[in-house]
Amino acid sequence: MRLRRNTLHHTQAALIRANIAVQGGNGVPRSKHGQVLGPVDMAFYYVDSPETPMNIGALAIFEGRIPFDPLRKLIDTRIHQIPVYQQKIVQAPLGLSQPTWAFDPDFNIAKHVYWHELPSPGDEGQLQEVAGRLVSGMLDRSKPLWEIHMIEGLSENRTAILFKIHHCMVDGLAAIDLFTLLFDLTPEPSPLPRKPVYDPPPLPSGPQMIVEALVKSIPNRWNIFRKLTEDISVIGGALTDKDKRRKMFSGVANVLSDNVEPIRPLPINGRNTGRLAIAWADFSLTEIKGIKASRKSSVNDVMLTILATAIEKYVHHRGGGGGQESLRVLVPVSMRAENERENYGNRISVLPIDVPFGFNDPLERLRAVSDYTATMKDSSLSNTLDMVLTMPSLAASWAQPLIWKIAPVAFSVIAHMWCTNVAGPQIPMYLQGHKLINTFGYFPLNPSMGLACVIASYNQRISMTLIADMAIVPEINEIRGLLYESFIAMRTAANVREFEPIKLERARPAIGERGESAPPLASPSVPVIEAINPTPEAPVEALETPPAEALAAQMQDEAPVIEAEMIIPEEKPKTEKTNESVVEINLDTATKAPANGGTESSAAKAAPAVEAKLRIFTDEWAKAYQKSINNSESYHRASTRWEAGSLAFVLHAAPKEGYPESAAVLLDLHKGVCRNAFALTPKDAQTQAAFIIEGDYATWMDVLQGKAQPFALIMRGKLRLAKGSMPRLLPFTQSAAELLNCAKTIS
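So the sequence shown is residues 1187 to 1933, counted in my numbering.
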């Protein structure tokens, strides 16, 4: 294998010493002081070791051969948009200050983006070997803690790219920002942006960091106390509510009952060496949905059941588990509040999930898993464990490394492994015109744990990636084969037939890419493994004998996102005189005054109504839009998990079109319902909306008429996501599509 680390041209090298000039534009303002690592970030930083490197990432496989130099240039011109990728960790000598992010004065893209080539034939086994070697080992702490490795020479004319990021930088949700930054939604590559000059401030000296640590000590601890108070408040709220109190006590009782005796180690537990292996299994998401629908469970319950069945068989092949009757899995839980959506770092807690052994019927095991996960999710236990993970941050900075060297031992007595999920978009993605075929995530191993699993969904497929320490689990491919075996057994038991994945065509514009309404990836305090995108339910024909109640639950649960055909509003009858479509909208219930104190823009007020059509971005249009949304059963089904808050659209001033000033409308969306809608000023939208998309008149008309793809327009700069995060939108394409269908009926 050859490794190339090309040096940059001297003019490029001069530009590499880069600064991001303005906040919200090209990055963050110049600052002498960086951000201190958060409590969980600190844990990942200190637990990091050659035996258990704390890195996360993904292996992405693309069609065709991707040229290396243009790829590196693409990364170099866009990476400044996520400032943490240009920052490294600094700390005063002897640990007398907290680890702090600071811009790396020697940042050079050549130190982060590498090229590899597989020898012929470039099969999957060779790719596994190289990927395992790359994910092993710690990242170099003298520079920003990330790497991207391009791997050429794969069979079938494919290219692989491996992303390696330290877990103290980002959690699984925030890591998707990097992928979104580089990918396109169409085969036509986006033009390269102009790269800003990078001129970071000098790194602080040791004495400066000590002084700064003393100055910030009280504010930092106050923030930690405030966070703990929030957790206590959630727990207190649960105690005062009868139903929540019952659920919380039920979850606590489960935990206490399951931990009267420490768990016994399984053959997947042992002493870590840091020599990692990686393997993956890929399934039809629609078949998984068919299994789910047959038992009123969730996709994630199905995946956990498949995992536990495979592990039980592996344990049996290896001589048994010493009487252990279940697999204890730690599931990360997102604790990220809506006001933290734009922050990086980690806001996670964990939930222990017991998956029982000893079931001959896979569907009975699935039922047991569903019951247990439902109990644990309702227990508020994640808030308690969040407090436990936060409290070490109150200790002196010099003592924290000692605490986090000892703390992981606790995980070895309460769980056997980790299993996490990061949902991906259910539409094809492209990198420099090359279609993304598969993406396989990976996750670090905790000390004493020899196996971890990452569940990921993308483009109607769902994968399980296994990461193993080869000294503990020498035959990772054996478990991979058992995953397929377990899946087939469960599919057979559920009477779900095998069928080809649905192909998403792009012949029609705007299919599945309605970025203006897609919800974020996961709501606070929802297990990350439950944040999997609401992807397509199995069609009726996928079930041999679908129970009526299962299909009913299927329709009410998660939203379908199979978008081979967009639902086009039925054509309205034409009037004889005007040949215009008759728009049947009852505006009697629409309130003229905006809610929540919103003020309709003067442009919107001045806009006269057009016969049979409503003028866009007026208060009347917003009220009609609200009614159209609430009358759409398809939108409701697609959006039952939307809890991210309101969405605003901003129209730039267009005097020739009758908009002398910029106009805006706000939709208060929540769990499949539009609770309010009104026109307001763009300034008010900035304070009231959680997500804002803005553009000019021509672009909005193209979107509303179905001539353009909103997500692609956002990534190309025609529409701008002025507030909110693109990765939160991508996994919810069907919700966005239904929102646009509603708008087309009134515009």
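Using N, Cα and C, we set each Cβ at its ideal position, and we do this for glycine too. Note that the coordinates shown come from a computational prediction; the quantities given were computed from them, not determined experimentally.
task: Could you please give me the residues that DSSP links to Pro-1542 through a beta bridge?
output: The sequence position of residue 1542 within the sequence shown is 356, counting from 1. Answer is Ser-1512, bridged to Pro-1542.
field: Span separating the alpha-carbon of Thr-1919 from that of Ala-1463
entry: Locating residue 1919 in the sequence shown gives position 733, where the first residue counts as 1. Locating residue 1463 in the sequence shown gives position 277, where the first residue counts as 1. Their Cα atoms are separated by approximately 34 angstroms.
field: Whole-number beta carbon distance between Phe-1469 and His-1353, since they are thought to touch under 8 angstroms
entry: Here residue 1353 corresponds to residue number 167 of the sequence shown, with the count starting at 1. Here residue 1469 corresponds to residue number 283 of the sequence shown, with the count starting at 1. With 8 angstroms as the limit, His-1353 and Phe-1469 do not qualify as a contact, their Cβ atoms being about 26 angstroms apart.
field: Touch test, the region 1323–1333 against the region 1287–1300, Cβ-Cβ under 8 angstroms, three pairs minimum
entry: Taking a cut-off of 8 angstroms on C-beta distances, the region 1323–1333 touches the region 1287–1300, as three or more cross pairs fall below it.
- request: Using the DSSP secondary-structure output, state which residues sit across from Lys-1350 in a beta bridge.
  value: In the sequence shown, counting from the first residue as 1, residue 1350 sits at position 164. The partner list for Lys-1350 (beta bridge, DSSP) reads Gly-1243, Glu-1333.
task: Name, in chain order, the residues that DSSP records as bridge partners for Asn-1862.
output: Within the sequence shown, the letter at position 676 stands for residue 1862. Asn-1862 pairs with Asp-1854.
query: Can Leu-1513 and His-1602 be called in contact, C-beta distance under 7 angstroms?
result: Locating residue 1513 in the sequence shown gives position 327, counting from the first residue. Locating residue 1602 in the sequence shown gives position 416, counting from the first residue. Contact annotation: Leu-1513 and His-1602 have beta-carbon atoms nearer than 7 angstroms.
task: Please classify Ala-1875: does DSSP put it in a helix, a strand, or coil?
output: Counting from one through the sequence shown, the residue named residue 1875 turns up at place 689. Coil at Ala-1875, not helix or strand.
query: Would you say Val-1659 and Thr-1651 are within 7 angstroms of each other, going by their C-beta atoms?
result: Along the sequence shown, one-based indexing puts residue 1659 at 473. Along the sequence shown, one-based indexing puts residue 1651 at 465. Their beta carbons are not under 7 angstroms apart, which means Val-1659 does not touch Thr-1651 by this criterion.
- prompt: Considering only residues of the same chain and omitting the five flanking positions on each side of Ile-1275, which have a CB-CB separation below 6 angstroms?
  reply: In the sequence shown, the residue the question calls residue 1275 occupies position 89. For Ile-1275, where only same-chain residues beyond five positions count, the Cβ hits under 6 angstroms are Pro-1285.
Beta-carbon spacing of Thr-1495, Leu-1552 below 7 angstroms: The residue given as residue 1495 occupies position 309 in the sequence shown. The residue given as residue 1552 occupies position 366 in the sequence shown. The answer is no: Cβ separation not under 7 angstroms.
- request: With DSSP collapsed to three states, give me the class of Gln-1273.
  value: As a working mapping, residue 1273 is identified with position 87 in the sequence shown. Look at Gln-1273 here: in three-state DSSP terms it is strand.
query: Can the beta-carbon of Asn-1624 be found less than 7 angstroms from the beta-carbon of Ile-1247?
result: Translated into positions along the sequence shown, residue 1624 becomes position 438. Translated into positions along the sequence shown, residue 1247 becomes position 61. A contact, by the Cβ cut-off of 7 angstroms.
field: Spatial distance of Val-1397 from Lys-1329 (CA atoms)
entry: The count along the sequence shown starts at 1 and reaches residue 1397 at position 211. The count along the sequence shown starts at 1 and reaches residue 1329 at position 143. Their Cα atoms are separated by approximately 24 angstroms.
query: From this set, Ser-1322, Ala-1465, Ile-1449, which residue's C-alpha is nearest Gln-1312's C-alpha?
result: Mapped onto the sequence shown, residue 1312 falls at position 126. When each option's Cα is compared against that of Gln-1312, the closest is Ala-1465.
message: Quick check on DSSP: helix, strand or coil for Thr-1804?
response: Taking the first residue of the sequence shown as 1, we reach residue 1804 at position 618. Coil at Thr-1804, not helix or strand.
query: In terms of DSSP beta bridges, what is Ile-1653 paired with?
result: Residue 1653 sits at position 467 when you count from the first residue of the sequence shown. Ile-1464, Ala-1638.
message: Give me, in chain order, the residues of the same chain whose beta-carbon lies closer than 7 angstroms to that of Cys-1928; leave out the 5 immediate sequence neighbours on both sides.
response: What you label residue 1928 is simply residue 742 of the sequence shown in a count that begins at 1. Closer than 7 angstroms at Cβ, skipping near neighbours: Tyr-1811, Ser-1814, Ile-1815, Ser-1818, Tyr-1821.
task: Pull up the distance between the alpha-carbon of Gly-1636 and that of Met-1228, whole angstroms please.
output: The residue you call residue 1636 lines up with position 450 of the sequence shown. The residue you call residue 1228 lines up with position 42 of the sequence shown. If I take the Cα positions, the gap works out to 23 angstroms.
query: In chain order, what residues of the same chain lie with their CB nearer than 6 angstroms to the CB of Ile-1497, ignoring the 5 residues before and after it?
result: As a working mapping, residue 1497 is identified with position 311 in the sequence shown. Leu-1513, listed in sequence order.
Extent of the continuous beta strand (DSSP E) run through Lys-1909: Within the sequence shown, numbered from 1, the residue matching residue 1909 stands at position 723. Here the beta strand (DSSP E) through Lys-1909 covers 1906–1909.
- prompt: Can you round the beta-carbon distance between Asn-1458 and Pro-1633 to whole angstroms, since I take them to be within the 8 angstroms contact cut?
  reply: By one-based count along the sequence shown, residue 1458 stands at place 272. By one-based count along the sequence shown, residue 1633 stands at place 447. That belief holds up - the Cβ atoms of Asn-1458 and Pro-1633 are roughly 6 angstroms apart, short of 8 angstroms.
field: Every unbroken alpha helix (DSSP H) inside the region 1584–1646 [4 residues or more]
entry: 1586–1592, 1594–1600
query: At which residues does the beta strand (DSSP E) containing Phe-1918 begin and terminate?
result: Indexing the sequence shown from 1 puts residue 1918 at position 732. Here Phe-1918 belongs to no beta strand (DSSP E), and DSSP marks it neither H nor E.
- prompt: When the Cα of Thr-1366 is compared with those of Ala-1839, Gln-1618, Lys-1893, Ile-1662, which residue comes out closest?
  reply: Here the question's residue 1366 lines up with position 180 in the sequence shown. Of the candidates Ala-1839, Gln-1618, Lys-1893, Ile-1662, the one whose C-alpha sits nearest the C-alpha of Thr-1366 is Gln-1618.
task: Mind reading off the beta-carbon distance from Ala-1840 to Leu-1852? Whole number of angstroms is fine, and I expect it under 8 angstroms.
output: For the purposes of this step, residue 1840 is identified with residue 654 of the sequence shown, where counting begins at 1. For the purposes of this step, residue 1852 is identified with residue 666 of the sequence shown, where counting begins at 1. Between Ala-1840 and Leu-1852 a beta carbon distance of about 19 angstroms is seen, past the 8 angstroms cut, so the two are scored as non-contacting.
Buried versus exposed call for Pro-1377 [16 or more other C-beta atoms within 10 Å across all chains shown]: Position 191 of the sequence shown, counted from the start, is the residue given in the question as residue 1377. Exposed, since its Cβ has fewer than 16 Cβ neighbours within 10 Å.
- prompt: What do you reckon, are the CB atoms on Ile-1878 and Ala-1871 nearer than 7 angstroms?
  reply: Here the question's residue 1878 lines up with position 692 in the sequence shown. Here the question's residue 1871 lines up with position 685 in the sequence shown. Going by C-beta atoms, Ile-1878 is nearer than 7 angstroms to Ala-1871.
- request: Pull up the DSSP beta-bridge partners for Asn-1455, would you.
  value: As a working note, residue 1455 is residue 269 in the sequence shown. DSSP, once it has assigned bridges, lists Met-1635 as partnering Asn-1455.
Residues of its chain near Met-1395, where Cβ-Cβ distance is below 6 angstroms and the 5 sequence neighbours each way are ignored: Sequence index remark: in the sequence shown, residue 1395 carries index 209 (1-based). Ala-1278, Ser-1283, listed in sequence order.
message: I believe Gly-1610 touches Tyr-1644 by the beta-carbon criterion, under 8 angstroms. Please report the beta-carbon distance rounded to the nearest angstrom.
response: Start at 1 with the first residue of the sequence shown, and residue 1610 comes out as number 424. Start at 1 with the first residue of the sequence shown, and residue 1644 comes out as number 458. With a Cβ gap of about 4 angstroms, Gly-1610 and Tyr-1644 count as contacting.
Inter-residue Cα distance where the pair is Ser-1235 and Glu-1511: Translated into positions along the sequence shown, residue 1235 becomes position 49. Translated into positions along the sequence shown, residue 1511 becomes position 325. Spanning the two alpha carbons is a distance of roughly 32 angstroms.
message: Which same chain residues end up closer than 7 angstroms to Arg-1251 when comparing Cβ atoms and leaving out the 5 residues on each side of it in sequence?
response: In the sequence shown, residue 1251 corresponds to position 65, counting from 1. Hits under 7 angstroms: Glu-1338, Asn-1343, Thr-1345.
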